[in-house]
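Everything on this sheet refers to the single structure shown next.
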Amino acid sequence: MKKTVAVLGILSLALIGGNAIYGTEKDPVVTVSYLNEKLAQLKNTGGAGMASTGSEMKLVELKAGDRIIAAAGSELILRSGEATAIATDLGGLSDLTKGKDIKHAGEVQRDHLLLIPRSDGRGLLAKTGALVLVRGSYSVK
1 MKKTVAVLGI LSLALIGGNA IYGTEKDPVV TVSYLNEKLA QLKNTGGAGM
51 ASTGSEMKLV ELKAGDRIIA AAGSELILRS GEATAIATDL GGLSDLTKGK
101 DIKHAGEVQR DHLLLIPRSD GRGLLAKTGA LVLVRGSYSV K
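Letter 68 of the sequence shown, counting from 1, is numbered 68 in UniProt numbering, and no numbers are missing.
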C-alpha cells in the first residue's frame with residue numbers, strides 16, 4: 001500500500017513538474033532557440049534592424065547627413081530640423097497631410113504624416129540635426 005501511494009505521489013509530481021518545465025498550451029515556455037530566431041529576424045529588417053511596434057511611434061534623432069530609410073507601410077513625421085525626401089524612379093513619399101507626392105530631394109514639411117509605399121530605399125535625408133517620429137521598420141545610415 002505504501003509503495004502504491006509513493007508511486008502515485010512520484011507520478012503526480014512528475015506531471016506537475018513536467019508542466020512547470022514544458023509549460024502548458026495556454027502558457028508555453030519560450031526556448032533560447034526561439035528567442036535567437038526572433039532576434040535574427042529583427043537584425044535582417046534593413047541594416048540597423050530597428051522597428052517600432054504596434055501603434056507606437058519611436059522618436060529617432062538624426063545628425064546632419066544621416067539618412068533614415070523606411071520599409072513599406074512605415075510612417076514618418078519630421079518633428080524638428082530640416083530634411084529632404086529620398087525617392088526612387090518608382091515615386092516619392094506620400095505626404096498624407098497635404099495629399100501630394102514628395103519627389104526626390106523635395107523639402108519635407110514639419111509635422112506632416114509621410115507614408116512609405118514600397119521597401120525600395122525611400123526615406124529622409126537630414127539637412128540639419130532632426131527629430132523624426134517613426135512607426136514601422138527603418139534603418140539609419
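Even glycine gets a Cβ: it sits at the ideal position worked out from N, Cα and C.
Only a predicted model underlies this, so the values are computations on that prediction, with no experimental measurement involved.
Is it right to say residue i is buried, meaning 16 or more other beta carbons lie within 10 angstroms of its own, or is it exposed?
| i | result |
| --- | --- |
| Ser55 | exposed |
| Leu59 | exposed |
| Gly123 | buried |
| Gly73 | exposed |
| Arg118 | exposed |
| Val140 | buried |
| Ala70 | buried |
Could you pull out every residue in the same chain whose Cβ sits closer than 7 Å to the Cβ of residue i, ignoring the five residues on either side in sequence?
| i | result |
| --- | --- |
| Glu107 | Thr84 |
| Leu125 | Arg67, Ala83, Thr84 and Ile86 |
| Glu61 | Leu131 |
Tell me which same chain residues have a C-beta within less than 6 Å of the C-beta of residue i, skipping the five on either side of it?
| i | result |
| --- | --- |
| Arg110 | Leu78 |
Taking just the CA atoms, how far does residue j sit from residue i?
| i | j | result |
| --- | --- | --- |
| Gly136 | Gly91 | 19 Å |
| Lys100 | Ser94 | 6 Å |
| Leu133 | Asp89 | 25 Å |
| Ala87 | Lys103 | 6 Å |
| Ala130 | Leu114 | 15 Å |
| Gly81 | Thr31 | 44 Å |
| Lys63 | Tyr138 | 16 Å |
| His112 | Val29 | 43 Å |
| Asp120 | Thr97 | 22 Å |
Give me the DSSP bridge partner(s) of residue i.
| i | result |
| --- | --- |
| Ala70 | Tyr138 |
| residue 226 | Nothing can be reported for residue 226, as the shown portion of the chain is limited to 1 through 141. |
| Ala126 | Ala83 |
| Gly91 | Thr88 |
| Asp111 | Note: Asp111 sits in no beta bridge, so no partner. |
| Glu75 | Leu115 and Arg135 |
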